[in-house]
Every structure is written in C-alpha cells, then in structure tokens.
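A.B. asks: Here you go, one structure.
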Amino acid sequence: MLLSKESTDTRTFHNEKRNVLRCSSQEYDSERIRRSPSNAAYYESGTLLSLPDDILSRIIEGNALSCRLVCRRLYKLVWRRCLLRDYTLQLSGGFDFVREWIYKHRWNTPTSSIALDLENIIDESDIETIAAQLSKVAGLKHVEIRNAVCGTLRAAQHIFSTPDLKSLSIPKSWWDAHPFQGHTHLLHLRITDCVRHIPLSFLKLIPRLKTLAISYSRDYSHLQHVPHLEELSLSQPYRFDFSRLSLVPRLKVLQIPAQQEGFEKVRDLKELHTIKLLDCSSGIDLRDLQHCPSLTAVDLSQCISSAWHYEVLSKFPLKSLSLHESCSETNSLIRYNGGTILHRSLEHLRFVGKGGSVSQNVLRWICSFQQLKSLTYSAPGLSSLNTDWNVLLQLNNLECLDVPNNLADPEFRVLAKMENLRNLRLSGDNITNGKKLMSLTKLKRLHLPHSTKWLERNLSMAIPECRITFGTPLTAE
C-alpha cells in the first residue's frame, strides 16, 4: 500500500503513526495499542490497514482530524455521521468548546467526522457559524437532531441537498420545515418526540424509504408510496388500520400498538422477522403469527401479557423473545420449564422486571433455555437478580449478559466461572466495583454505565484484549 506523498520512507511513516495515536481524542484504543506486548508489530508497514474500522474511527476522529493521513486507506475512509445534541442542564462552558472545535479542524477534509455537544446556544451569530461549517462537510450520510439545536440546522437547510444523506432523525419542533423536497435518496427517517398525528403525504417525495419511525397517523394509505419499506415503527397507542400492511409487503420489522380488530392481517407479511407489540390486550390472537414463516423475534416487553400468550409462543421456533414480568405471566412461565419448541430454538432472552428481584423459580426457568446465548434483565430503580447466580452456570452457551450494576462478591465469582461469557453490560446508577471487574479476564466487550479515570486506566491494563465503553462520566476517581 502507498503512504501519503509526504511520508515515503519508513521513518516518516513511524512518526506519522505516532502522531495519529497521540492526537486521538479516544484514549482507550490508542493507549491499548501502545501498551500491547506486540506493539512492535504496529510499526511495520501496512499494519494500520489490518485494524477494524471501529478502531480506525477512534484513531482519526477528534483532534486527529488536524493530522496528516498516514496511508491510502485512512485517506479514503470517510466518516459521514453528524450527531447534534443539547444538554440544557449543563450551564457553563459548553459553547466555548464547540467554537474552539470548529475553528481548530478542517471540516472540509474527506475524513470529516462530527460529533458535537451543544450547550446554551443563544447567540444567533454563533448558530450561523456552526451552520456554515456544517454545510461544508463532504459525504454526510447520517444526521440526528435534538430539539434545542433545531435553529442550527434550520439556518443551514441546504445541508440536506447533499445526495449522500441516507438517514435523518428530527424532533417535533422541526417537523414543519419539511426537509424532504428533492430528497428521493433518503432511506431512514425517524421523527422523534412527537406525540401528535403525522400526515404521511410527504412519503411520495422519498420513495426509496426503508425505515419509518413516527408516533401515529390518521391515514396510512400513503404507505403505497414507499413499497420498499422494511421497518415501520409506531410509538403511540392509536388505532392502526392493519389492512394497510398489504401496501408494504416487504416489511421485515414492525412495531405497532396491538389491537384485536384486523390483527389477522399480519399473516400477509411473509418476510416479517421481528414484531414488537405495544399495550397488548388479552384478546390478541398470537396464533396469527404462525403464518409468518420468517418470524424469529417477538417483543412483548411493553405489554402485560397473559399466560395464554406465552403458551402460544412456546410453540414458535423463535430466536429472540422479550417479556414483561407480570404476576399472571410469571406463574405460567414456571410451568414451561423445558421440552417446548421455543426451548430448543431460543438464543436471546430479554426479561423486563417490575422492580425488586427475580424469584429463584423464574431464574431456573430462564436457565431451562439451554441454547441461550444472550440474556438481558432490566428493571426500574436499583433492582437486581438478587438470587443464587450459580444456576446461571447451567447456560453453557451464554456469551452476552446485561444486568443492573449492583453486583456483589458472589455474583462476580459466578461471572468469573462462566467459560463462554465474552460480552458484559452493566446498567444503572450505582458506582461500578472496578476491582472485581478486573478478575473477568476473558471478556472481549464490556460496557459500564459510568466512567472514572481510575476505571479507564486500570481496566484497560487488567483486561487488555477487552473493548471497554462507558456511559456518563463521573468526577469521582
């Protein structure tokens, strides 16, 4: 592979590579590369080309945008995502950082990668500055907008004239702008935070659309304009005309408020593989789903479903199932402790608790799915499994575990014994016990809800082969 024109010899290549790592705004991956026992290999010609894209993205984004590219692949690697947010609870210093960030980097370079946190934008001239810089970004494919920065993007509506934009997420306050004229190439559209009726007449302007997420609409006949639609998500419990599903026969993912009238029309969706039902009533006949030959995932996590619903699902060869813990459902679960079609096929289970802890009987029922590869338990507040975790050792194929972040010593000892566990995700408000996590040396991916400098520094050294990501930063050391 050829290097950049200004770095033709090996020594220059080494210097360029060190500069890129030094400039990286994501310290974890670059620090891990430098500390790796085999770091000498990274100084051989062409080694950067073998790194996966997610590692390369961490190396070249942020401050590294001001560095020269070290090889032809980095030159061609174009990051096309723009994420604009506004944290209104943080009242100082935010916009100074944004202004410095804008003036420091060359936004019109082929490798522009933008992820801004905008805070307290009240100066109109500052908004215009950001809008002008955004309009220079080449190859932008994805835009996600939060409410408080709508003015920024409204001042630069011509940014949407780029033919590369494929995904757009806009909030309710931006809805009246209708940024769809001439946007026939748009593939993914999400109108977030909007709880009112969305007129769908604009769909005729974006006929290639594959993903549509809205609150609800009173007229779904306009779905005929998007025959290639593969994912439809409705977030509000409003009556849906199931007969309109015939307009989108290629639908693969469906999220709708469940209603008894017309539900049998889902039989026509031969390519449907995932369905999520909201506010499921006991009158819904889930047996209609048996006529969807491609169905592999059912999500009832936002429903208080009945024992009869689970009895029907136990006869489905599903790969993924999400359930909500209700009294009637929990009692029925224990009766089906193995031997069903579902037990032989299920690989991913998500269990949404009411709060408190999961009973030992329910935990044994979870462990009756011997093919289970991924288990998620979520509950409000400081809930936890809070039971004897040794039963989880029966899940020999379990690779991914997502649980609340309030584990004690017995739970960590069980995690250390799980031979195939490679992905651990902890969620919640509790502070992570970093010293206990250091014993989980077999992990390949770890996500923690909060980060501290101590965690970032010590975990990456204790588990060098693990990719670690964090949520909200904490000031505590």
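Taking the numbering used here, the leading residue of the sequence shown gets 717, the next gets one more, and so forth.
By construction, the Cβ of each residue, glycine as well, lies at the ideal position given by its N, Cα and C atoms.
The alpha helix (DSSP H) spanning residue 1173 covers which residue range?
C.D. replies: 1169 to 1178
A.B. asks: Considering only residues of the stretch 1069 to 1143, which uninterrupted beta strand (DSSP E) runs meet the minimum length of 3 residues and lie entirely inside it, listed in chain order?
C.D. replies: 1090 to 1094, 1116 to 1120 and 1139 to 1143
A.B. asks: Taking Cβ positions, are residue 1116 and residue 1155 nearer each other than 7 Å?
C.D. replies: no
A.B. asks: Residue 1142: which of 946, 1135, 1136 and 1128 sits nearest, CA to CA?
C.D. replies: 1128
A.B. asks: Since residue 1015 sits in a beta bridge, which residues does DSSP pair it with?
C.D. replies: 992 and 1038
A.B. asks: Confirm, please, whether the CB-CB distance from residue 1092 to residue 1118 is below 7 Å.
C.D. replies: yes
A.B. asks: Applying the criterion that 16 or more other CB atoms from any shown protein chain within 10 Å of the CB defines a buried residue, is residue 975 buried or exposed?
C.D. replies: buried
A.B. asks: Within 10 Å of its beta-carbon, does residue 1162 have 16 or more other beta-carbons around it, so buried, or fewer, so exposed?
C.D. replies: Buried: at least 16 other Cβ atoms inside 10 Å.
A.B. asks: Under the three-state reduction of DSSP, which class applies to residue 1187: helix, strand or coil?
C.D. replies: strand
A.B. asks: How is the beta strand (DSSP E) around residue 948 delimited, first residue to last?
C.D. replies: 947 to 950
A.B. asks: In chain order, what residues of the same chain lie with their CB nearer than 7 Å to the CB of residue 923, ignoring the 5 residues before and after it?
C.D. replies: 900, 941 and 942
A.B. asks: One question on the structure: do residue 1034 and residue 1067 come within less than 7 Å of each other, judged by their Cβ atoms?
C.D. replies: Result no, Cβ atoms of residue 1034 and residue 1067 do not sit closer than 7 Å.
A.B. asks: Go ahead and pull the three-state DSSP assignment for residue 1026.
C.D. replies: helix
A.B. asks: Tell me which residues share the same chain as residue 986 and place their Cβ nearer than 8 Å to its Cβ, disregarding the 5 neighbours each side in the sequence.
C.D. replies: 965, 1008, 1009 and 1010
A.B. asks: In three-state DSSP terms, what is residue 982?
C.D. replies: helix
A.B. asks: Going by DSSP, what residue range makes up the alpha helix (DSSP H) through residue 1058?
C.D. replies: It spans 1057 to 1061 - the alpha helix (DSSP H) in which residue 1058 sits, taken as one unbroken run.
A.B. asks: Using C-beta distances below 6 Å, list every residue in its chain close to residue 960, excluding the 5 sequence neighbours before and after it, in chain order.
C.D. replies: 936 and 939
A.B. asks: Report the option in 1108, 927, 1075 and 1030 whose CA atom is closest to the CA atom of residue 1088.
C.D. replies: 1108
A.B. asks: By Cβ distance, which residues of its chain are closer than 6 Å to residue 1183, with the 5 residues on each side in sequence left out?
C.D. replies: 1161
A.B. asks: Roughly how many whole angstroms lie between the Cα atoms of residue 1002 and residue 1029?
C.D. replies: The straight-line gap from Cα to Cα measures roughly 8 Å.
A.B. asks: Please classify residue 960: does DSSP put it in a helix, a strand, or coil?
C.D. replies: Of the three classes helix, strand and coil, the one that applies to residue 960 here is helix, per DSSP.
A.B. asks: For residue 1111, which option in 1137, 1121, 1124 and 1094 has the closest C-alpha, if you only look at C-alpha atoms?
C.D. replies: It is 1137.
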